[in-house]
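J.: Numbering-wise, our numbering comes out as the position in the sequence shown, counting from 1, plus 57.
Virtual Cβ for every residue (Gly too), placed ideally from N, Cα, C.
Everything numeric in this text was worked out from a predicted model, so none of it was measured.
Got a structure for you, written out below as structure tokens; questions coming shortly.
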Amino acid sequence: MDAPLTLIIANKNYSSWSMRPWVLLRGRGIPFGERMLKFETKEWGENIGRLSPSGLVPVLWEGEPGTGFATWDTLAIAERLHDIRPGAGVWPTEARKRARARSAAAEMHSGFRALRGAMPMNIRGRYLGKGMNDEVAKDIARISALWAAADGPFLFGEFCAADAFYAPVATRLVTYGVEVSGAARDYQQRLLASPGVAAWSADAVKETETVAMDEPYATPPR
Ligand SMILES: N[C@@H](CCC(=O)N[C@@H](CS)C(=O)NCC(=O)O)C(=O)O
Numbered sequence: 058m059d060a061p062l063t064l065i066i067a068n069k070n071y072s073s074w075s076m077r078p079w080v081l082l083r084g085r086g087i088p089f090g091e092r093m094l095k096f097e098t099k100e101w102g103e104n105i106g107r108l109s110p111s112g113l114v115p116v117l118w119e120g121e122p123g124t125g126f127a128t129w130d131t132l133a134i135a136e137r138l139h140d141i142r143p144g145a146g147v148w149p150t151e152a153r154k155r156a157r158a159r160s161a162a163a164e165m166h167s168g169f170r171a172l173r174g175a176m177p178m179n180i181r182g183r184y185l186g187k188g189m190n191d192e193v194a195k196d197i198a199r200i201s202a203l204w205a206a207a208d209g210p211f212l213f214g215e216f217c218a219a220d221a222f223y224a225p226v227a228t229r230l231v232t233y234g235v236e237v238s239g240a241a242r243d244y245q246q247r248l249l250a251s252p253g254v255a256a257w258s259a260d261a262v263k264e265t266e267t268v269a270m271d272e273p274y275a276t277p278p279r
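Okay, structure coming up:
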């Protein structure tokens, strides 16, 4: 009997790193529970040290959160899921596709800093035209090329971890009113409509908390 899985996450509206393994688990139909520690709350302060070795989210727990087995950091979580749920399609079955999918996920994990910095994830927010500059445009051009080369309904056939890594970018383009075209746009729409991404986004728009650090374009209260 496999130990039950619990994913420690933060606010669905803002936490792009939490979103990635959550949509992967949901998108691949892997059962799991979630525990949300909202940013800037007493609950975060009281529990993050016990529930996250790195002090960051997401964290995947096998067994009881806090005493079971923890894997932290999104890339490591994807690899751990691939190990413990080998038939679940976390990565593509074909070795070269798997290598490409890992490359795409790693590129997201370590790159696109301009885009991530200037356009923080904010699923319910609308800041059309904000955040764009030359470096961001370069990141978007690279992502658009990657998406346009999708080899199936998703980047490498069926929805896998690589798609999960790009899900927060698909929502950012909506938030900041950036349009990609052609095959990249078709892929973005499929990604937004995929079951895990749609479910996460539906929860995100219901949240009401505001995290100032993730709202650089909000009008400050007077
Ligand atoms: N490299 C990490 C990044 C994790 C990360 O930065 N998480 C943010 C939330 S999206 C966090 O926990 N921030 C809380 C803090 O900085 O105190 C990963 O891939 O999981």
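#1: Starting from the N-terminal end, write out each residue whose C-beta falls within a distance shorter than 5 Å of any non-hydrogen atom of ligand 1.
#2: Taking the Cβ atom as the reference point for each residue, do G146 and R85 lie within a distance shorter than 7 Å?
#3: Leaving out the 5 sequence neighbours to the left and right, which residues in its chain are closer than 8 Å to A255 when beta-carbon positions are compared?
#4: Classify S167 as buried or exposed, calling it buried when 16 or more other Cβ atoms lie within 10 Å of its own Cβ.
#5: Give me the Cβ distance between I180 and A261, rounded to the nearest whole Å; I'm assuming they're in contact under 8 Å.
#6: Just mark M176 as buried or exposed, buried being the case when its beta carbon has 16 or more other beta carbons within 10 Å.
#7: Who are the Cβ neighbours of I42 in its own chain at under 7 Å, not counting the five residues just before and after it?
#8: Find out if the Cβ-Cβ distance for the pair F222, A162 is shorter than 7 Å.
#9: Use the C-beta contact count for T265: other C-beta atoms within 10 angstroms, 16 or more gives buried, fewer gives exposed.
#10: Quick one: what does DSSP say T63 is sitting in, helix, strand or coil?
#11: Helix, strand or coil for F126 per DSSP?
#12: In chain order, which beta strand (DSSP E) runs of at least 3 residues are fully inside the stretch 109-156?
#13: Anyone know if the C-beta pair for F213 and P143 falls short of 7 Å?
#14: For F89, does the three-state DSSP call read helix, strand or coil?
#15: So V46 and N68 are supposed to be a Cβ contact under 8 Å. How far apart are they, rounded?
#16: Look up G186 in the DSSP assignment and say whether it is helix, strand or coil.
#17: Could you say if the stretch 181-192 and the stretch 240-249 meet the contact criterion of at least three C-beta pairs nearer than 8 Å?
#18: Considering only residues of the same chain and omitting the five flanking positions on each side of D196, which have a CB-CB separation below 7 Å?
#19: Thinking C-beta only, is L108 closer than 7 Å to F89?
#20: For F211, does the three-state DSSP call read helix, strand or coil?
#21: Under three-state DSSP, which class holds M76?
#22: For M270, count the other beta carbons within 10 Å of its own beta carbon; 16 or more makes it buried, fewer makes it exposed. Which is it?
#23: Can you tell me the Cα-Cα spacing of A207 and M189, whole angstroms?
T.: By the coordinates alone:
#1: For ligand 1, residues qualifying as neighbours are S72, W74, L113, V114, D130 and T131, where qualification means a beta carbon closer than 5 Å to at least one of its heavy atoms (chain order).
#2: Yes, the Cβ-Cβ distance between G146 and R85 is below 7 Å.
#3: The beta carbon of A255 is closer than 8 Å to those of L249 in its chain, skipping five residues each way along the sequence.
#4: exposed
#5: 4 Å
#6: M176 comes out buried.
#7: A question about residue 42 goes unanswered here, because the residues of the chain that appear run from 58 up to 279.
#8: yes
#9: exposed
#10: strand
#11: strand
#12: As summarised for the stretch 109-156, the continuous beta strand (DSSP E) elements at least 3 residues long and confined to that stretch are 116-119 and 126-129, given in chain order.
#13: One thing to note: F213 has its Cβ no nearer than 7 Å to the Cβ of P143.
#14: coil
#15: Here the chain has residues from 58 to 279 only, and residue 46 is not among them.
#16: coil
#17: no
#18: F169, A171 and L172
#19: no
#20: strand
#21: helix
#22: exposed
#23: 25 Å
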